[in-house]
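These notes are about the structure you will find just below.
Protein chains: 6
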Amino acid sequence: MSPTTDHAGTENHTSERTSPERKEPTYLFTEKYVADKSELARRFIETRARLNTNVEKANNFLVKRFYNLDHNTYLDSALSAKTKELMGLVGSACLRCDDCIFYHAIQAYRLGVPRIEQEESLNVALVVGGSIVIPHLRRAYELLEELYG
Amino acid sequence: MSPTTDHAGTENHTSERTSPERKEPTYLFTEKYVADKSELARRFIETRARLNTNVEKANNFLVKRFYNLDHNTYLDSALSAKTKELMGLVGSACLRCDDCIFYHAIQAYRLGVPRIEQEESLNVALVVGGSIVIPHLRRAYELLEELYG
Amino acid sequence: MSPTTDHAGTENHTSERTSPERKEPTYLFTEKYVADKSELARRFIETRARLNTNVEKANNFLVKRFYNLDHNTYLDSALSAKTKELMGLVGSACLRCDDCIFYHAIQAYRLGVPRIEQEESLNVALVVGGSIVIPHLRRAYELLEELYG
Amino acid sequence: MSPTTDHAGTENHTSERTSPERKEPTYLFTEKYVADKSELARRFIETRARLNTNVEKANNFLVKRFYNLDHNTYLDSALSAKTKELMGLVGSACLRCDDCIFYHAIQAYRLGVPRIEQEESLNVALVVGGSIVIPHLRRAYELLEELYG
Amino acid sequence: MSPTTDHAGTENHTSERTSPERKEPTYLFTEKYVADKSELARRFIETRARLNTNVEKANNFLVKRFYNLDHNTYLDSALSAKTKELMGLVGSACLRCDDCIFYHAIQAYRLGVPRIEQEESLNVALVVGGSIVIPHLRRAYELLEELYG
Amino acid sequence: MSPTTDHAGTENHTSERTSPERKEPTYLFTEKYVADKSELARRFIETRARLNTNVEKANNFLVKRFYNLDHNTYLDSALSAKTKELMGLVGSACLRCDDCIFYHAIQAYRLGVPRIEQEESLNVALVVGGSIVIPHLRRAYELLEELYG
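As structure tokens, this is what we get:
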């Protein structure tokens, strides 16, 4: 390790304690646009909206707090919203949650993430999580085909 | 959704079927440099190397194939090696594998990823995976402190 | 810690080696009542009954033993059946098993557990298990709405 | 189902939409008392405190929010803090997180939960989560022995 | 331990470093035969084939490599394909992946594995993975009933 | 599918409803022999014995029942104890439980299973469970090296 590289590396590493600003990302596509383009996305979005009505009606304080925290996690910040939605996709595929995979894949699409980046994210989940990820990957590819095809 | 935005989006989405080149990323730091800087990293790297000796000696065809596939997954490609190591970190934290977390956090450090990006990746894992991620996050922060502190 | 509190605590802690009696809890509602009240519960109960027919026909010794052990776990004992059904709900939601969530939520309802206690149990599962619990929580709330609404 | 029972059941179920007050529970024992009584608890509590120092120093907004939400989840409310700590124990044992098991078992002890209730909670986790819970149960019993023995 | 037994044991253990030949197993039944016999198998096989079309069209290098590695894992080798398909069944049931359970149960059936061996494999998964395996076991028994009934 | 093959297949499949006898397998090696041969095995066996003392002392009815059911699952039956111990190994590696992996690998060794069959079982777990299995595989290979080396 040369001193020069070391120095460059140190510069890369200095900003970690400052709390970066969080802000809403710009979506290229509305949920309605996505629902019109993909039947799978439409069904997911509608079911989710219908079920969330019950959750909202219950008005449970801690659920609302969790939803809020969840929302804040994926805002543009030190890492872009795009990257974090793809990370949400990786985590969801590793934990094999179809609804979560659909949610993050649609969010990433709405932010303008190209298909190949969704595939490479799923590749990380596949190798980390193994062949049990495959059925979820198959269903994810069906959604990607409808969104990007 | 205006036609213009739609068009821009479509442009974003066209390159998905081309198979992107994969290449080895450039590491800013060697494993030895990392081991000298962090006692936690040193112990992880040495234990892993010692145990891998047995695995290599066994010369199991399918294990070697898996290791090779694993290596290929994190190369620079449509997504950068940096981003994919952080995704590996997210997947590992969601599945609560300390060794895997250490591995990907060290790889990301070696590639020059700043600390705040490691923290934001862990935030995604924390919200996706819940409070059972916390003990792993605590140990990850100890490593980050030694690497970046 | 005052001696008094210590003493009180010790008193609280003395009965642990005695094996508490286990007995069947009293259900306020029959499965039929629940099925008539909630379409979601009805479908779950009917599918489960239909599939259990095959399992019983197979007459597998170890499966029967497991079913028996499972049944014994949730009887009234040192902890009430109500509390243990809610604990089964928490474990099921943490491990994200919709059928298991429905089973324990229905059992808890039949024992007279109020809705808010089901919600608070799900809150524990949500914070322990993270956002991947959310799709299951949404479906659980739909069931709760039909049962208690 | 008689109208009378139905009515009783309905009464049981009416308070679900009111948001119950949350308040700090009363601990019978301090962490220091527990650490003095049990060597396993002491090591857990000290390691956790040491590692949390790094986490606090990093001052990450979302981590702090998550810690806060986590804290709020286990307060006395519709369900007692005792019951929810035991539910946290069940979820932690189902997800096989030793640190989380130790945390909730110690919290439950500090609140005056008798040993048999901890064991019955672990029984639920054992039957829900299977034999892979056994190594964690063994370590939990070692802690229980030191705390209650 | 007598020297004789010890010696026999040592003989049993000598061949581990030679890389055993892998070869395609002989299937007694085609997928079409299985699909004609069982409606559940037919739906699984058809859906899987339809979704795999998208995956193949995407032509993702790492997905193809993973599929290839997966295929190689279950060939006749030191352990028979039959035994390894049943092991795939155990792993899939422990990780609670219905599609994976159906896949391996059908593969085992096609190789001539008797029903009781499928049941005993599921028993291992049930005791290892706990009661959350039960809903998957119920669905697996429905498939077994159609295949072997 | 020719009628002949069909018939052969049917013959293969007829014995499923008879409840096969279960009996204790013959171990080639005692736990003491294994502990003398491998330091890793010795530490595992001694720790497990020490911790089980607490569990036995507590005399919890449901824990004893679970232990008994667990014991019965791995007896010689339609599938041999050898095969089922290897299946226990696969399930344990898929669920990433080091203690469980050690337990089943030692049991399989004591029954005379050759090393290559342990490796092939771990290969199934690796491909099913993904790269997060690797740290456990490394530790398992260290044990295998001490047992068979």
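Residue numbers (numbering that gives the first Met the number 0), protein chains in the order written: chain Z, 0 to 148; chain G, 0 to 148; chain R, 0 to 148; chain H, 0 to 148; chain B, 0 to 148; chain S, 0 to 148.
Glycine included, C-beta positions come from ideal geometry on N, C-alpha and C.
Remember, it's a predicted structure, so these values are computed and weren't measured experimentally.
Closest to residue i by C-alpha separation, out of the options, would be which residue?
i                      : options                      : result
residue 91 of chain G  : G:24, G:133 and G:29         : G:133
residue 106 of chain B : B:53, B:43 and B:21          : B:43
residue 74 of chain G  : G:21, G:116, G:35 and G:30   : G:21
residue 23 of chain B  : B:83, B:124, B:130 and B:121 : B:83
residue 127 of chain G : R:121, R:126 and R:130       : R:130
residue 94 of chain Z  : Z:64, Z:66, Z:125 and Z:111  : Z:125
residue 137 of chain S : G:63, G:115 and G:111        : G:63
Out of curiosity, what's the CA-to-CA distance linking residue i and residue j?
i                      : j                      : result
residue 68 of chain G  : residue 61 of chain G  : 10 angstroms
residue 143 of chain Z : residue 80 of chain B  : 34 angstroms
residue 119 of chain G : residue 113 of chain Z : 22 angstroms
residue 47 of chain Z  : residue 97 of chain Z  : 12 angstroms
residue 71 of chain R  : residue 85 of chain B  : 30 angstroms
residue 53 of chain B  : residue 122 of chain R : 38 angstroms
residue 5 of chain G   : residue 45 of chain H  : Because the pLDDT at residue 5 of chain G is just 37, under 50, the model does not fix this residue reliably, and the value given afterwards should be weighed accordingly. Going by the C-alpha atoms only, they are around 56 angstroms apart.
residue 111 of chain Z : residue 36 of chain Z  : 15 angstroms
residue 65 of chain Z  : residue 102 of chain H : 21 angstroms
residue 51 of chain S  : residue 30 of chain Z  : 55 angstroms
residue 14 of chain S  : residue 115 of chain B : Since pLDDT at residue 14 of chain S reaches only 43, below the 50 mark, its modelled position is unreliable, and the value read off the structure follows with that caveat. Each residue's Cα considered, the two are about 7 angstroms apart.
residue 59 of chain G  : residue 49 of chain R  : 45 angstroms
Starting from the C-beta of residue i, find all residues in its chain whose C-beta is less than 7 angstroms away, skip the five residues before and the five after it, and write them out in chain order.
i                      : result
residue 100 of chain G : 88, 91, 92, 135 and 139
residue 151 of chain R : The first residue shown for chain R is 0 and the last is 148, placing residue 151 of chain R beyond what the model contains.
residue 148 of chain S : none
residue 39 of chain H  : 141, 142 and 145
residue 41 of chain Z  : 34
For residue i, which residues in chain D fall below 8 angstroms Cβ to Cβ?
i                     : result
residue 72 of chain S : No chain D is present in this structure, whose protein chains are Z, G, R, H, B and S.
Whose C-beta lies closer than 8 angstroms to the C-beta of residue i among residues of the same chain, with five residues either side of it excluded?
i                      : result
residue 104 of chain S : 88, 117, 139, 142, 143 and 146
residue 19 of chain Z  : 76 and 77
residue 56 of chain B  : none
Name, please, each residue of chain G whose Cβ falls closer than 9 angstroms to the Cβ of residue i.
i                     : result
residue 91 of chain H : 130 and 131
residue 95 of chain S : 94, 95 and 96
Against residue i, what residues of chain G qualify as contacts under a CB-to-CB distance less than 7 angstroms, listed in chain order?
i                      : result
residue 144 of chain S : 53
What residues of chain S sit near residue i, judged by a beta carbon separation below 9 angstroms?
i                     : result
residue 38 of chain H : Under the 9 angstroms cutoff, chain S gives no residues; its nearest Cβ is about 14 angstroms from residue 38 of chain H.
In chain H, what lies closer than 8 angstroms to residue i by C-beta?
i                      : result
residue 108 of chain G : Going along chain H, no residue has its Cβ under 8 angstroms from residue 108 of chain G, so there is no contact; the nearest lies around 15 angstroms.
residue 68 of chain Z  : 61, 64, 65 and 68
Just to make sure I have the definition right: I need the residues of chain R whose C-beta is within less than 8 angstroms of the C-beta of residue i. Which are they?
i                     : result
residue 50 of chain Z : 137, 138, 140 and 141
If the cut is a Cβ gap below 8 angstroms, which residues of chain Z does residue i touch?
i                      : result
residue 122 of chain G : 72
Can you determine whether any heavy atom of the ligand SAH sits closer than 7 angstroms to the C-beta of residue i, and answer yes or no?
i                     : result
residue 34 of chain H : With respect to the ligand SAH, the structure offers nothing, as it holds no ligand at all.
Strictly below 9 angstroms CB to CB, what residues from chain B border residue i?
i                      : result
residue 127 of chain H : 129, 130 and 131
Which residues in chain S have a C-beta closer than 7 angstroms to the C-beta of residue i? List them in chain order.
i                      : result
residue 57 of chain G  : 118 and 140
residue 205 of chain B : Here chain B has residues from 0 to 148 only, and residue 205 of chain B is not among them.
Interface residues of chain Z around residue i at Cβ under 7 angstroms?
i                      : result
residue 134 of chain R : 96, 98 and 99
Original post:
What are the uninterrupted segments assigned as alpha helix (DSSP H) that are 4 or more residues long and contained completely in the region 60-100 of chain S, given in chain order?
Top reply: Segments of the alpha helix (DSSP H) lying fully in the region 60-100 of chain S: 60-72 and 80-93.
**OP:** Can you check the region 13-45 of chain H for any alpha helix (DSSP H) of at least 4 residues that lies completely inside it and give the ranges in chain order?
**Re:** Annotation: the region 13-45 of chain H contains the following complete segments of the alpha helix (DSSP H) (minimum length 4 residues), in chain order: 30-36.
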